[in-house]
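Asks: Residue numbers (mature numbering (1 follows the signal peptide of the UniProt record, and there is no 0)): -21 to -1, 1 to 320.
Before I ask anything, let me first share the structure, which is written out below as structure tokens.
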Amino acid sequence: MSLLLLLFSVHLLLFSTPAASDPRTSVAALICGTASPSNSASFIQTFAAEMQSLSDSVSSRGFATSSTPSIAGNATAATMYGLAQCHSDLSSTDCMLCFAECRTRLPRCLPADSARIFLDGCFLRYGVSNFFNQSVDPVNDKAACGTGNSTVGGAYAANVRLMMGNLTDRAVANGGFATIERFNGADVYGLGQCWKSVNRTGCRECLVKAAKEATSCLPNKEGRGLNAGCYLRYDNYKFFGNSGGGQGSLSTGAIIGIVAASIVLVFLVILGIFTYRRRIRKQQEQKQFGKLPLSITKSHLNFKYEVLEKATNFFDNSRKLGQGGAGSVYKGTLPDGKQLP
């Protein structure tokens, strides 16, 4: 039973695949509105209530919209609208971590009556007008470029541009989310995410524009298109998780890890079987010849048990002379030629 528990524990250790936690909380852009409410104190209270309402929903769905009447209770005070969404490849835990980071940073825009923040794993926005169906925004849509040019130059840029059309088509067909891994066999990766409040037509419109914005970053190795209704990014390494609408196979590192773990497990199984059989054999020997070492000890003979094993050919039945009071009696020949008994 202990052997089985050992092997089971080793199997869990080697082959369980815990999700690699990466909530992607790097800030891609924080965009604050330019107008302010007439009553900043009540607006901030309304903001707090709105964020809590979004949090309650995004924790279970990864997406939430909410509208909160002004705390001021004034009929002329504007209702606050809020939208939060995590990228579809994030786990529930990473989604909440990303949203919490948004919720911490977005208040820097207060008391502006509108603001939005793009992290590399989620999005959060509030405003005093209903923007839920908005796919593009001529004023605030933007590109966010990384630093450093790609080492492969023109070939990299060409693959990025080719990938954008595929990424857009896949995301629209897949309900608003898609990833592409190693496009054309090169180190080109992409992710496209539309907000769930945007319809299919709006999603395509947004991603097409975001692709143009992102590719304006070339030859930089990293670029993003950050729009009212979507997020799009390309890079030269895999920056996203495996769930969602992604394309690709196990990485070389993962394959090597699995093979190495398999070899270790096979070795441990063989070692366990050998140890188990050896233990059983010793138990059987002790059961059959258990009284012999005791009788040897009492007779004060200076023979090790292993020496007696060899002298009697491992207590072969052909060497057995009879049965004594302390156990079986065997004849044998010691290494120096002396005969027993």
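Backbone N, C-alpha and C define an ideal beta-carbon position, used for all residues, glycine too.
If distances are taken between C-alpha atoms only, which option among 47, 68, 140 comes closest to residue 198?
Replies: 140
Asks: Restricting to Cα atoms, I'd like to know which of 151, 21, 251, 69 is closest to residue 2.
Replies: 69
Asks: What distance in whole Å lies between the Cβ atoms of residue 124 and residue 155, which are believed to be in contact at a cut-off of 8 Å?
Replies: Not a contact, Cβ separation roughly 24 Å.
Asks: Who are residue 11's beta bridge partners in DSSP?
Replies: 94
Asks: List the residues that DSSP assigns as beta-bridge partners of residue 81.
Replies: Residue pairing of residue 81 in beta bridges, as defined by DSSP: absent, with no partner found.
Asks: So what does DSSP say about residue 24, is it helix, strand or coil?
Replies: Three-state DSSP puts residue 24 in a helix.
Asks: Relative to the C-alpha of residue 11, which candidate in 149, 35, 31, 91 has its C-alpha closest?
Replies: 91
Asks: Work out the CA separation of residue 41 and residue 15 for me, nearest whole Å.
Replies: 30 Å
Asks: Can you give the Cα-Cα distance for residue 169 and residue 19, rounded to whole angstroms?
Replies: 41 Å
Asks: Do the segment 113 to 123 and the segment 200 to 220 make contact, defined as three or more Cβ pairs closer than 8 Å?
Replies: yes
Asks: Do you know how far the Cα of residue 246 is from the Cα of residue 189?
Replies: The alpha-carbon atoms of residue 189 and residue 246 are separated by roughly 52 Å.
Asks: Can you find the residues in the same chain that come closer than 6 Å, C-beta to C-beta, to residue 104, ignoring five residues on each side of it along the sequence?
Replies: 62, 95
Asks: Ignoring anything shorter than 3 residues, give me the beta strand (DSSP E) runs that lie fully in the segment 101 to 141, in order along the chain.
Replies: 101 to 106, 121 to 124
Asks: Could you pull the start and end residues of the beta strand (DSSP E) that residue 171 belongs to?
Replies: 168 to 173
Asks: On a CA-only basis, which of 111, 37, 89 is nearest residue 209? Give me that one, please.
Replies: 111
Asks: Could you work out which residue in 196, 163, 144 is closest to residue 127 when comparing CA atoms only?
Replies: Ranking 196, 163, 144 by Cα distance to residue 127 puts 196 first.
Asks: Taking Cβ positions, are residue 49 and residue 71 nearer each other than 8 Å?
Replies: no
Asks: In the structure shown, what three-state DSSP assignment does residue 199 receive?
Replies: strand
Asks: Quick check: the Cα distance between residue 313 and residue 242, rounded to an integer number of angstroms?
Replies: 44 Å
Asks: Should residue 7 and residue 85 be called a contact, given that it needs their Cβ atoms to be closer than 8 Å?
Replies: At a Cβ-Cβ threshold of 8 Å, residue 7 and residue 85 do not count as neighbours.
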